[in-house]
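**Student:**
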Amino acid sequence: MTEFAARLERVAQNPEVFKSFGRGVERETLRYQPDGNLATTPHPTGLGSAYSNNWITTDFSESLLEFITPVSQEIGTLKAQLEDIHHFTQTKLGEEKMWPLSMPCYVGSEDDINLAQYGTSNSGKMKTLYREGLKRRYGSLMQIISGVHFNFSFPESFWDQLYGEQSEQERQDTKSEAYFGLIRNYYRFGWLIPYLFGASPALCSSFIQGRDTKLPFEKIGGTLYLPFATSLRLSDLGYTNSAQSVLKIGFNSLDEYLSGLNNAIRTPSEEFAEIGVKVDGEYRQLNSNVLQIENELYAPIRPKRVAKSGEKPSEALARGGVEYIEVRSLDVNPYSSVGINEDQIRFLDLFLAWTALSDSEPMDVCEQACWRENWNKVIVEGRKPGLELQIGCKGEILTLQDWAKRVFVELVQIAEKMDEANGNEQYQQVCFKLLSWIDHPEQTISGQLLEDTKRLGGLGKVGCEFGKHYREQHLNHQYKTYSDEVMEAEARRSVQAQADIEASDSLNFDDFLDEYFSYLKA
Numbered sequence: 001m002t003e004f005a006a007r008l009e010r011v012a013q014n015p016e017v018f019k020s021f022g023r024g025v026e027r028e029t030l031r032y033q034p035d036g037n038l039a040t041t042p043h044p045t046g047l048g049s050a051y052s053n054n055w056i057t058t059d060f061s062e063s064l065l066e067f068i069t070p071v072s073q074e075i076g077t078l079k080a081q082l083e084d085i086h087h088f089t090q091t092k093l094g095e096e097k098m099w100p101l102s103m104p105c106y107v108g109s110e111d112d113i114n115l116a117q118y119g120t121s122n123s124g125k126m127k128t129l130y131r132e133g134l135k136r137r138y139g140s141l142m143q144i145i146s147g148v149h150f151n152f153s154f155p156e157s158f159w160d161q162l163y164g165e166q167s168e169q170e171r172q173d174t175k176s177e178a179y180f181g182l183i184r185n186y187y188r189f190g191w192l193i194p195y196l197f198g199a200s201p202a203l204c205s206s207f208i209q210g211r212d213t214k215l216p217f218e219k220i221g222g223t224l225y226l227p228f229a230t231s232l233r234l235s236d237l238g239y240t241n242s243a244q245s246v247l248k249i250g251f252n253s254l255d256e257y258l259s260g261l262n263n264a265i266r267t268p269s270e271e272f273a274e275i276g277v278k279v280d281g282e283y284r285q286l287n288s289n290v291l292q293i294e295n296e297l298y299a300p301i302r303p304k305r306v307a308k309s310g311e312k313p314s315e316a317l318a319r320g321g322v323e324y325i326e327v328r329s330l331d332v333n334p335y336s337s338v339g340i341n342e343d344q345i346r347f348l349d350l351f352l353a354w355t356a357l358s359d360s361e362p363m364d365v366c367e368q369a370c371w372r373e374n375w376n377k378v379i380v381e382g383r384k385p386g387l388e389l390q391i392g393c394k395g396e397i398l399t400l401q402d403w404a405k406r407v408f409v410e411l412v413q414i415a416e417k418m419d420e421a422n423g424n425e426q427y428q429q430v431c432f433k434l435l436s437w438i439d440h441p442e443q444t445i446s447g448q449l450l451e452d453t454k455r456l457g458g459l460g461k462v463g464c465e466f467g468k469h470y471r472e473q474h475l476n477h478q479y480k481t482y483s484d485e486v487m488e489a490e491a492r493r494s495v496q497a498q499a500d501i502e503a504s505d506s507l508n509f510d511d512f513l514d515e516y517f518s519y520l521k522a
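Numbering follows the UniProt record's numbering, in which position 246 of the sequence shown is assigned residue number 246; successive positions increment by one, without gaps.
Here is the structure:
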């Protein structure tokens, strides 16, 4: 019996483990006008405060909505929460709709992209200034790409089965070590996610206005596409940061990761220093380091812990270890009204369990370069027949199909155990469905979307047709977990919460920033 199989058997002795995974979703979506152009209106007042609302906020821009679900153990509950949040939001948008694709709708000019506003509190102004820095560093267009983030944790019973009784400190250290093992395996094999679920093989030509690209794009009307691409959102054209390529952040332990991250937020950037920090009395960015703050680190997966009030993400991790992981490589699924479907969630359950239960050797800089090359290949030409990938610097070279089938052999074993615990065959059904996509890339989401883009004559037409359909679906939705009263109450509470924070500020903004970044001088 392999180590993987032995660990799976240990965990499966307690079927409750497989019913108790913690899951949460953050879904981004642009508001757009009936003519298919980006909405330039402020965040709707009926949604409450983007600063304080627990479920509905904004990301980079006033027009970029972000929906956040609480953690739940039931997939059906998670989906219902997302549907309820979408329904309430759509009732406040008038004629505007929610863009159903990762790559943006038509944007006439970067000036149309208004930075998200969070009120007059110091912390609210800092959030907007951070976005001003992003705009000046990378341009606004890159920042309005939409994605879906999937937050995931194993229950304590999972660790009990694997490691038995432990002291509190032992358990904290063991979990952090195991989650970093998961992260390393995610980097090795996570290209499966853009292969199966990538949904950005094409983009509106307005997206690369004035930018040089060596990619051999083909054209449908105003749409540019690559015939075998899966997720241009994850490419160098999308939500990445080439300046960060100099950072050497390791994933072999929590200490190594935190050391690399803390070094990164202290590393000066000559390029960003040219922008200036405060010029003629106006702030342009928070600072001129490679990362303004930790959140600027772009990564397909992140170790996380819920932070206490005033605590930075790395401080939370240093205090209590890894609590959950955030998967950040999911495109918005255009074939789901809420951007993600139950098949995807079940696959992620299986894949993340597999990455945790499988052996995970330490990863050096050479192997990091190797996984980046694999991801880039899959992102730009993942559906190309016979595409070859190499796992590890001296590892085997096999086709994507061969590597994927090797992984699925063990995913099916987990699916059998999970279905046994849940009394159905849903996980196995997802496995066999996605297994068929390995030899039939046209069935992947990017394959389907490219076909629809050609059929309808461009990405804008796809977005508008799907968006119109989903608007009706959202408006006709009946609440399943929340209610109109609950959503309205949260909107009112959030407005008051923002007002309370604004009233409690005692420092001026300059002093607030000095105090916040005092750790950089330590």
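Note that the Cβ used here is the ideal one computed from N, Cα and C, for glycine as well. Just so it is clear, the structure is predicted and the values come from calculations on it, not from any experiment.
1. Measure the Cβ-Cβ separation of Arg406 and Glu442 and say whether it is below 9 Å.
2. Does the Cβ of Thr2 have 16 or more other Cβ atoms within 10 Å, making it buried, or fewer, making it exposed?
3. Do the segment 20-40 and the segment 60-78 make contact, defined as three or more Cβ pairs closer than 8 Å?
4. Tell me the DSSP secondary structure of Glu515 in three-state form.
5. Tell me the residue span of the beta strand (DSSP E) that contains Tyr225.
6. So Asn185 is in the alpha helix (DSSP H); what residue range does that whole segment cover?
7. Ignoring anything shorter than 3 residues, give me the beta strand (DSSP E) runs that lie fully in the segment 361-401, in order along the chain.
8. DSSP state of Asn289, grouped into three classes?
9. Could you tell me the boundaries of the beta strand (DSSP E) in which Val148 lies?
10. In angstroms, rounded to a whole number, what distance separates the CA positions of Glu296 and Tyr130?
11. Within this structure, are the beta carbons of residue 531 and Ser329 separated by less than 9 Å?
12. Would you give the residue range spanned by the beta strand (DSSP E) that Lys219 belongs to?
13. Does Pro303 come out as helix, strand or coil in the three-state DSSP assignment?
14. Measure the Cβ-Cβ separation of Ile249 and Gln292 and say whether it is below 9 Å.
15. So Ala199 packs on Ser102, CB below 8 Å; how close in whole Å?
16. Start and end of the beta strand (DSSP E) containing Thr58?
17. Am I right that residue 523 and Ala12 are in contact with their C-beta atoms under 8 Å? What's the rounded C-beta distance?
18. State the beta-bridge partners of Tyr138 as determined by DSSP.
19. Compare the C-alpha of Gly210 against each of Leu141, Asp255 and Pro334 and name the closest.
20. Alpha carbon to alpha carbon, how far is Leu398 from Leu411?
21. On the three-state DSSP scale, how would you describe Ile340?
22. Under 9 Å, do Cys105 and Gly339 count as touching if we go by C-beta distance?
23. State the Cα-Cα distance for the pair Thr128 and Gln33, rounded to the nearest angstrom.
24. Identify, in the order they occur along the chain, each residue of the same chain with its Cβ nearer than 6 Å to the Cβ of Phe228, setting aside the five sequence neighbours on each side.
25. Are the beta-carbon atoms of Arg188 and Ile391 separated by less than 9 Å?
26. Any idea if Asn422 is buried or exposed, counting beta-carbon neighbours within 10 angstroms, 16 or more meaning buried?
27. Can you name the residues that DSSP bridges to Gly22?
28. Which residues share a DSSP beta bridge with residue 523?
29. Residues in the same chain with beta-carbon distance under 8 Å from Leu475, minus the five sequence neighbours each way, listed in chain order, please.
30. Pull up the CB-CB distance for Ser146 and Thr29, whole angstroms please, since I reckon it's below 8 Å.
31. Out of Val279, Asn341, Leu162 and Gln143, state which residue places its alpha-carbon closest to the alpha-carbon of Asn14.
32. Buried or exposed, going by whether 16 or more other CB atoms sit within 10 Å of the CB of Leu215?
33. Going by DSSP, name the residue or residues bridged to Thr29.
34. Taking the C-alpha atoms as reference points, what is the distance between Leu387 and Leu400?
35. Under three-state DSSP, which class holds Ala116?
36. Straight-line CA distance for Ser446 to Asp359?
**Tutor:** Reading it off the structure:
1. Taking the sequence shown and counting its residues from 1, the one referred to as residue 406 is at position 406. Taking the sequence shown and counting its residues from 1, the one referred to as residue 442 is at position 442. It is not a contact, given that the beta carbons lie outside the stated cut-off.
2. Translated into positions along the sequence shown, residue 2 becomes position 2. With fewer than 16 Cβ atoms within 10 Å of its Cβ, Thr2 is classed as exposed.
3. yes
4. For this step, residue 515 is matched to residue 515 along the sequence shown. Reduced to three states, the DSSP call for Glu515 is helix.
5. Indexing the sequence shown from 1 puts residue 225 at position 225. Note, Tyr225: beta strand (DSSP E), Thr223 to Tyr225.
6. As a working mapping, residue 185 is identified with position 185 in the sequence shown. Asn185 -> alpha helix (DSSP H) spans Glu168 to Phe189.
7. 388-390 and 397-399
8. Taking the sequence shown and counting its residues from 1, one reaches residue 289 at position 289. Looking at Asn289 - three-state DSSP - the assignment turns out to be strand.
9. Translated into the one-based positions of the sequence shown, residue 148 becomes position 148. Gly147 to Ser153 is the span of the beta strand (DSSP E), which, as asked, contains Val148.
10. Here residue 296 is taken as the residue at index 296 of the sequence shown, counted from 1. Here residue 130 is taken as the residue at index 130 of the sequence shown, counted from 1. Between Glu296 and Tyr130, the C-alpha separation is close to 9 Å.
11. This structure does not reach residue 531, given that the chain is present from 1 up to 522, and the question cannot be answered.
12. Sequence index remark: in the sequence shown, residue 219 carries index 219 (1-based). Segment Glu218 to Ile220, the beta strand (DSSP E) holding Lys219.
13. Mapped onto the sequence shown, residue 303 falls at position 303. Of the three classes helix, strand and coil, the one that applies to Pro303 here is strand, per DSSP.
14. In the sequence shown, counting from the first residue as 1, residue 249 sits at position 249. In the sequence shown, counting from the first residue as 1, residue 292 sits at position 292. In this structure, Gln292 does not lie closer than 9 Å to Ile249 by Cβ.
15. By 1-based counting over the sequence shown, the position of residue 199 is 199. By 1-based counting over the sequence shown, the position of residue 102 is 102. So it is a contact: roughly 6 Å between Cβ atoms.
16. Along the sequence shown, one-based indexing puts residue 58 at 58. Element bounds for Thr58: Ile56 to Thr58.
17. Outside the displayed range of the chain (1 to 522) lies residue 523, so it cannot be described from this structure.
18. Within the sequence shown, numbered from 1, the residue matching residue 138 stands at position 138. None, per the DSSP bridge assignment.
19. In the sequence shown, counting from the first residue as 1, residue 210 sits at position 210. Considering only alpha carbons, the answer is Leu141.
20. Along the sequence shown, read from residue 1 onward, the residue named residue 398 stands at position 398. Along the sequence shown, read from residue 1 onward, the residue named residue 411 stands at position 411. Their backbone Cα atoms lie some 19 Å apart in a straight line.
21. To locate residue 340, count along the sequence shown from 1; it is residue 340. Three-state result, Ile340: coil.
22. Position 105 of the sequence shown, counting from 1, holds the residue named residue 105. Position 339 of the sequence shown, counting from 1, holds the residue named residue 339. No, these two residues do not count as a Cβ contact at 9 Å.
23. Mapped onto the sequence shown, residue 128 falls at position 128. Mapped onto the sequence shown, residue 33 falls at position 33. Each residue's alpha carbon lies about 24 Å from the other.
24. As a position in the sequence shown, residue 228 is number 228, starting the count at 1. If we look at Phe228 and ignore the five residues flanking it on each side, its Cβ neighbours are Glu381, Arg383 and Lys384.
25. Start at 1 with the first residue of the sequence shown, and residue 188 comes out as number 188. Start at 1 with the first residue of the sequence shown, and residue 391 comes out as number 391. Yes, the pair counts as a contact, with Cβ atoms nearer than the cut-off.
26. As a first step, residue 422 is located in the sequence shown; it is residue number 422 there, counting from the start. Asn422 comes out exposed.
27. Translated into the one-based positions of the sequence shown, residue 22 becomes position 22. In the DSSP output, where bridge partners are listed per residue, Gly22 has Ser153.
28. Since the first residue of the chain shown is 1 and the last is 522, residue 523 is not available in this structure.
29. Here residue 475 corresponds to residue number 475 of the sequence shown, with the count starting at 1. Within the same chain, Leu475 has close Cβ partners His87, Gln90 and Thr91.
30. Counting from one through the sequence shown, the residue named residue 146 turns up at place 146. Counting from one through the sequence shown, the residue named residue 29 turns up at place 29. Sure, about 6 Å apart at Cβ, within 8 Å.
31. In the sequence shown, residue 14 corresponds to position 14, counting from 1. Comparing Cα positions, the closest option is Leu162.
32. Residue mapping note: residue 215 aligns to position 215 of the sequence shown, counting from 1. That one is exposed.
33. The sequence position of residue 29 within the sequence shown is 29, counting from 1. The partner list for Thr29 (beta bridge, DSSP) reads Leu65.
34. Within the sequence shown, numbered from 1, the residue matching residue 387 stands at position 387. Within the sequence shown, numbered from 1, the residue matching residue 400 stands at position 400. Distance between the alpha carbons of Leu387 and Leu400 is about 6 Å.
35. For the purposes of this step, residue 116 is taken as the residue at position 116 of the sequence shown. If DSSP states are grouped into helix, strand and coil, Ala116 belongs with coil.
36. Numbered from its first residue, the sequence shown carries residue 446 at position 446. Numbered from its first residue, the sequence shown carries residue 359 at position 359. Near 31 Å, if we compare the C-alpha coordinates of Asp359 and Ser446.
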